[in-house]
Amino acid sequence: MGRPDQANPGAPAARVLIIDDEPQIRKFIDISLRSQGYATLLAATGQEGLTLLASKGSDLVVLDLGLPDKDGKDVLKELRQWSRVPVIVLTVRSGEDEKVALLDAGANDYVTKPFGVEELMARIRAFLRTATRGADDGPIYDDGVLKIDLVQREVSVHGQVVPLARKEFSLLSLLVQQPGRLVTQTQILREIWGPTHEEDAHYLRILVGKLRHKLGDDASDPRYIATEPGVGLRFIAKERQTA
Amino acid sequence: MGAEQAEQADALLGELKRQTPGRLTVFLGAAPGVGKTCAMLIRARELQHQGVDVVIGIVDTHGRSETQTIAEGLPLLPRKKVDYQGRRLEEMDLDGLLARKPAIALVDELAHRNVPGSRHERRWQDVEELLDAGIDVYTTVNIQHLESLNDVVHQITGVKVSETVPDAVFERLRDIRLVDLPARELIERLNQGKVYLPEQAAHALQAFFSPSNLTALRELAMQTVAEHVDADLREKRTARGLGGISIQRHVLIAIDGRGHSEYLVRAGARMAERRGAPWSVVTVETGRSAGAAQHTEDPDRAASTLNSVARDEQQRVMEIDKAFALARNLGGETEVLHNTDITQALLDAAAARGAKSIVIGRTRERLVARIFNRTLTQQLLQRGARYELTIVSTPQARQRSLRLPDVTGELLTRREPLLILVASAGATAIAAMAEHYLGLQDLSLVFLVAVVLVASRTRMISAVITAALCFLSYDFFFIEPRLTFLISAHRGVATVLLFLAAALIAGRLASRLRMQVVALRAANSHATAMQNLGRRLAKAADLRQVIAAGTSALQSALHAEAWMRINGESGPAASTDHVTSKDLMAADWTQQHGQASGRYTDTLTNSAWWFLPVRSDKDGLGVVGLRFPLGMGRLSFEQRRLAESMVEDIGQAALRTQLVSQLEVARVTGETERLRSALLSSVSHDLRSPLSSMIGAADSLTRYGKDMGPEDQQSLLETIHLEGERLDRYIQNLLDMTRLGQQGLTLTRDWIGIDELIGSATRRLQRYEPEVRIEHDVTPKLPPIHVHPALIEQALFNVMENAAKFSPPGQAVRVQVRRIEHDQLQIDVSDRGPGIPEEERRRIFDMFYSVERGDRGKQGTGLGLTIVQGIVGAHMGRVEALPGPEGCGTTIRLTLPWGGYMSQESKENGTP
Chain A
14 MGRPDQANPG
24 APAARVLIID
34 DEPQIRKFID
44 ISLRSQGYAT
54 LLAATGQEGL
64 TLLASKGSDL
74 VVLDLGLPDK
84 DGKDVLKELR
94 QWSRVPVIVL
104 TVRSGEDEKV
114 ALLDAGANDY
124 VTKPFGVEEL
134 MARIRAFLRT
144 ATRGADDGPI
154 YDDGVLKIDL
164 VQREVSVHGQ
174 VVPLARKEFS
184 LLSLLVQQPG
194 RLVTQTQILR
204 EIWGPTHEED
214 AHYLRILVGK
224 LRHKLGDDAS
234 DPRYIATEPG
244 VGLRFIAKER
254 QTA
Chain S
391 MGAEQAEQAD
401 ALLGELKRQT
411 PGRLTVFLGA
421 APGVGKTCAM
431 LIRARELQHQ
441 GVDVVIGIVD
451 THGRSETQTI
461 AEGLPLLPRK
471 KVDYQGRRLE
481 EMDLDGLLAR
491 KPAIALVDEL
501 AHRNVPGSRH
511 ERRWQDVEEL
521 LDAGIDVYTT
531 VNIQHLESLN
541 DVVHQITGVK
551 VSETVPDAVF
561 ERLRDIRLVD
571 LPARELIERL
581 NQGKVYLPEQ
591 AAHALQAFFS
601 PSNLTALREL
611 AMQTVAEHVD
621 ADLREKRTAR
631 GLGGISIQRH
641 VLIAIDGRGH
651 SEYLVRAGAR
661 MAERRGAPWS
671 VVTVETGRSA
681 GAAQHTEDPD
691 RAASTLNSVA
701 RDEQQRVMEI
711 DKAFALARNL
721 GGETEVLHNT
731 DITQALLDAA
741 AARGAKSIVI
751 GRTRERLVAR
761 IFNRTLTQQL
771 LQRGARYELT
781 IVSTPQARQR
791 SLRLPDVTGE
801 LLTRREPLLI
811 LVASAGATAI
821 AAMAEHYLGL
831 QDLSLVFLVA
841 VVLVASRTRM
851 ISAVITAALC
861 FLSYDFFFIE
871 PRLTFLISAH
881 RGVATVLLFL
891 AAALIAGRLA
901 SRLRMQVVAL
911 RAANSHATAM
921 QNLGRRLAKA
931 ADLRQVIAAG
941 TSALQSALHA
951 EAWMRINGES
961 GPAASTDHVT
971 SKDLMAADWT
981 QQHGQASGRY
991 TDTLTNSAWW
1001 FLPVRSDKDG
1011 LGVVGLRFPL
1021 GMGRLSFEQR
1031 RLAESMVEDI
1041 GQAALRTQLV
1051 SQLEVARVTG
1061 ETERLRSALL
1071 SSVSHDLRSP
1081 LSSMIGAADS
1091 LTRYGKDMGP
1101 EDQQSLLETI
1111 HLEGERLDRY
1121 IQNLLDMTRL
1131 GQQGLTLTRD
1141 WIGIDELIGS
1151 ATRRLQRYEP
1161 EVRIEHDVTP
1171 KLPPIHVHPA
1181 LIEQALFNVM
1191 ENAAKFSPPG
1201 QAVRVQVRRI
1211 EHDQLQIDVS
1221 DRGPGIPEEE
1231 RRRIFDMFYS
1241 VERGDRGKQG
1251 TGLGLTIVQG
1261 IVGAHMGRVE
1271 ALPGPEGCGT
1281 TIRLTLPWGG
1291 YMSQESKENG
1301 TP
């Protein structure tokens, strides 16, 4: 498997700040990240985490919501006042209202406990990839089956051009530009339909259905577009075969 | 505009009422024998041909073959056999008909009186129930049976018809059909024997069938039909917004109960009916009659039934009562007004109802009153110029003689003549003694005092008699020439006449004052009873208490036995025994129909109880039963009104408690739901935390194991092991919790040193959290305690684990053990963490606490402390959260009774 995320082995390692009071959780995330070549910073309390972030800086923050000194959500709010660093939240809650609230409060993504380490790694990679990825990636996505050319506005599956409606293309390009990352419903609705339609989730449902159909995707076993029920959509980036 | 709309809405409502429940079609005839039954059957046959479900409820063909033939094709409901006084009679099977539920039921002879013991006294009540059940009814009735025309018919024919049908039944009317036959033909039919007449009534009815009578009745019938058609048209026009033809005007009918009150009610009702106006009947109670009524209630005087005042008063009350019942039957409202000033009371009532017309009977006009413009009529005309005044002259002159027994009756009361004589004689004696000191004119003041004294104690009439006696005595003894009734000097004449005038005026004033007081008292007694009830009901917290309070208030206010059943709860027990199954039937009926039944009503009259419905907004909540002493033949309107208002209040109170209990149920359900979700959330949280670590660590090893060094691999394996143990502890906690919660926990006590327990808990904790420092401060040489060792160790572990979680790194957890009050053990576990705010300290033992704090709850305040509380509680000890030493952190204090300490000591001493 190697170390696929470290695009430039010579560059300094991306640094991840882990804020969690459970020593065992801190430990395995730390070990896993280090084994993949990332640098880590560890904090047991919210205040400690904020101090570390301010003094040493970090490319990404993994934040546990249950902290002894202050609520994770408060930590998030405080952090967002002066930093735009991507934040992945660890929570034991699985209600989508709670997730939406977290995303609204400034989190970029979330993982529900208990979770497999690969799940967290995929999220971390999704953020650090864009962060490290430069213009060299080009405006073309191609995994061998699906090819998306954002400049030519052309989409093909198995070499066959798929005609997409304007809104369908907008949605696809919005997702593809942030591969692996969660894009919230509200965000999509605002981008595509405008701020007055932020509540009209059914527009999106219909549009996603059409898009999946055209790409030959299956909602129950998605290859490209995964639904996070009640929260948003995520583009599942495949390993690239051609760049 | 608004009034017009309201009127339109009323009309629409009226129409709606006629459409949804059953509708009534009446075949009206002027006399028996005109062919009503025939007409009804023919119409029924027509409908049957059209496929309508028509059933004969009851039709008497009286053996007439033509009627019989028509009836034959129609389905017939078998009649019910009723045994009454040894005879077997047939009645309509009301329940059978209700169960059969045809589209249309034929019910002959609306005015029929049912055999005693039937559900309703009268057939029209059966018909109302059928209509309520949504069954259309075809029925027949003769014009003389209409309640409002009863008097007119009596006047025309001289025959008093007792079986009348209230006009209110006709409010359900869909159609009225006049079955007409010219008088001559009818008489012909009669002579041919084609008209059925009951044997015994045949003779009396012969007079009834005179050509002139029949013509008059026929005209009356036509008029009635025309009026109904008119009213119907008016209502329909209004319903369609075609504009009102008449303006609703309230008609106020005033009665005094001194003869012909019922006549007055009928006349007024007819007048209102013609105008399509609502109407009400009122009577004014002045203190005078109330005072007399009080006398009759006086137990001392109950024996002196010869007391004609009382008898007269009773008669008056009964007449008013009857008139009120009639008014309610005809669809009017009734009210008793309390005021000494009749005119003012009437004008106030008229203003309150927005009445434009006042109907009064011709009053007894005293000459003096007429001269001074003091008659009711004159006063009403003077002071109520805005009102249209209708004076109904009664057929016979109103009994003038009523006044006479009135006067003598008052003289017959025991106390008054004595008082009059004593006062007069006393005044004369004092005047005789004082004559030397006072002048002639001043002597009159002595007599005046006597008159006022009598007036203030008794009634007007006594004051007048006293005045007359004093006047005579004054004249006889003191005016020259003495010992004669002659008066010589002019001045003397003036003096005695002025005295007489002054005595009369003063007497009148004093007695009026007293009347007012008595009137107020009468009005007050109602208010007091209601107030008393309100006070008792306010205290009632549940239905049982409402019933207890309600029945006792009813019992004391009405002097009757009270029984109540609301929402299936009945009481009081003492009265329940007196409610027989027969009474229960009436009670059930009342509850179901929302109408009174039993004694003093027309329904199920053979019950000893009077049942009143307890209603909430729409549906019947229950029923109140009142059993008055057997001797009480009638119910006064005051009692009726008081009972009704009290029952209404009781209903409101019952409804209130019902709502409160519903809220309580909802609250308990909510609480249980909260507990359930708290438990679920706590379980999922406490299980997930170690699981997260285990899954994460195992996953890391699997995926990236080869990328990491051996120490890291070892560390992850350790994590899996430790978290596995932690998970096991949580599960143990859960099991403990369940056992504690099920009350099935048996303590297996043993003697053990507290230091051993603390040592064990510390070792367990340090294995899991190696970096935690724990300081022990245990009083040395403490005797062992008698507890369930495993449970107490678990409790100590939970508390210490909790403290460790809150302790900042490097700070020690302090465990201090002390013996207090000789037989108690106190264990303080303190941390130096952030501490717990005062108001939350109690709640940390609450199972909800961890949920409400969200993800932060994972520091161990989930089930852990709840279990501690359970365990310590089972040992009769207590747990509390206190601020930590030196003002920072938290101290959890466990206090345990030493258990068998004393017995341990005695065991060591060798005594049991």
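Each protein sequence line maps, in turn, to chains A and S. The opening residue of the first sequence carries number 14 in my numbering; numbering runs sequentially from there. The opening residue of the second sequence carries number 391 in my numbering; numbering runs sequentially from there. Where a beta carbon is used, it is the ideal one built from N, C-alpha and C, also for glycine. As the structure is a computational prediction, the values presented were derived from the model and not from experiment.
Any chain A beta carbon closer than 8 Å to residue i
i	result
S/M1190	no
S/E1115	no
S/D1245	Confidence at S/D1245 is low in this model, with a pLDDT of 46, below 50, so the placement of that residue should be treated as unreliable; the coordinate-derived value is given next. Yes, because at least one Cβ of chain A sits closer than 8 Å to the Cβ of S/D1245.
S/E1242	Note that S/E1242 scores 46 on pLDDT, short of 50, meaning its location in the model is unreliable and no value can be drawn from it.
S/F1235	no
S/L1106	yes
S/G1086	yes
S/T1281	no
S/L1284	no
Backbone secondary structure at residue i - three-state DSSP
i	result
S/D796	Annotation note: pLDDT 38 at S/D796 (below 50); position unreliable, coordinate value reported separately. It is helical.
S/G681	A caution first: S/G681 carries a pLDDT of 43, below 50, which makes its placement in the model unreliable, though a value can still be read off. The answer is helix: DSSP assigns S/G681 an H, G or I state.
S/R648	coil
S/S538	helix
S/S997	coil
S/G1305	There is no way to answer for residue 1305 of chain S, as the model of chain S reaches only from 391 to 1302.
S/R1283	strand
S/I869	coil
Within chain S, partners of residue i - CB distance below 8 Å
i	result
A/E131	D1089, R1093
A/K112	Neighbours of A/K112 on chain S: none; closest Cβ ~13 Å, over 8 Å.
A/D82	P1224
Reference residue i; option with closest CA among the options
i	options	result
S/Q1122	S/D1076, S/I1144, S/P1198	S/D1076
S/T673	S/G666, S/E663, S/L642, S/P807	S/L642
S/P807	S/L771, S/I851, S/A821	S/I851
S/I937	S/A913, S/S965, S/M1022	S/S965
A/P242	A/L78, A/L46, A/L217	A/L217
S/I1334	S/F867, S/M823, S/R898, S/G829	This structure does not reach residue 1334 of chain S, given that chain S is present from 391 up to 1302, and the question cannot be answered.
S/L1011	S/A1033, S/H983, S/A434, S/W1000	S/H983
A/A250	A/Y154, A/A57, A/R47	A/Y154
S/E725	S/A913, S/R469, S/V555	S/A913
S/L496	S/R478, S/A434, S/G486	S/A434
Residue i: contacting residues in chain S (beta-carbon distance under 7 Å)
i	result
A/D117	Simply none; closest approach about 16 Å.
Cβ distance (whole Å) where residue i is taken to contact residue j below 8 Å
i	j	result
A/V100	A/L76	6 Å
A/L103	A/K83	Contact doesn't hold; Cβ gap of about 15 Å is too wide.
S/V1205	S/I1148	6 Å
S/V1207	S/T1169	6 Å
A/L80	A/G59	5 Å
S/L948	S/L1016	6 Å
Closer than 8 Å at the beta carbon, the chain A residues around residue i
i	result
S/D1102	I44, R47, S48
S/L1002	Under the 8 Å cutoff, chain A gives no residues; its nearest Cβ is about 54 Å from S/L1002.
Neighbour list for residue i in chain A, Cβ cutoff strictly below 7 Å
i	result
S/S1220	The contacting residues do not exist; S/S1220 stays about 17 Å from chain A at best.
CB contact below 8 Å: residue i versus chain S
i	result
A/I137	no
A/E212	no
A/Q60	no
A/G147	Confidence in A/G147 is poor, its pLDDT being 44 and thus under 50, which makes the residue's placement unreliable; the coordinate value appears in the next sentence. Chain S, which has no Cβ nearer than 8 Å to the Cβ of A/G147, makes this no.
A/E35	yes
Contact list for residue i against chain A, beta-carbon separation under 9 Å
i	result
S/F1196	P81
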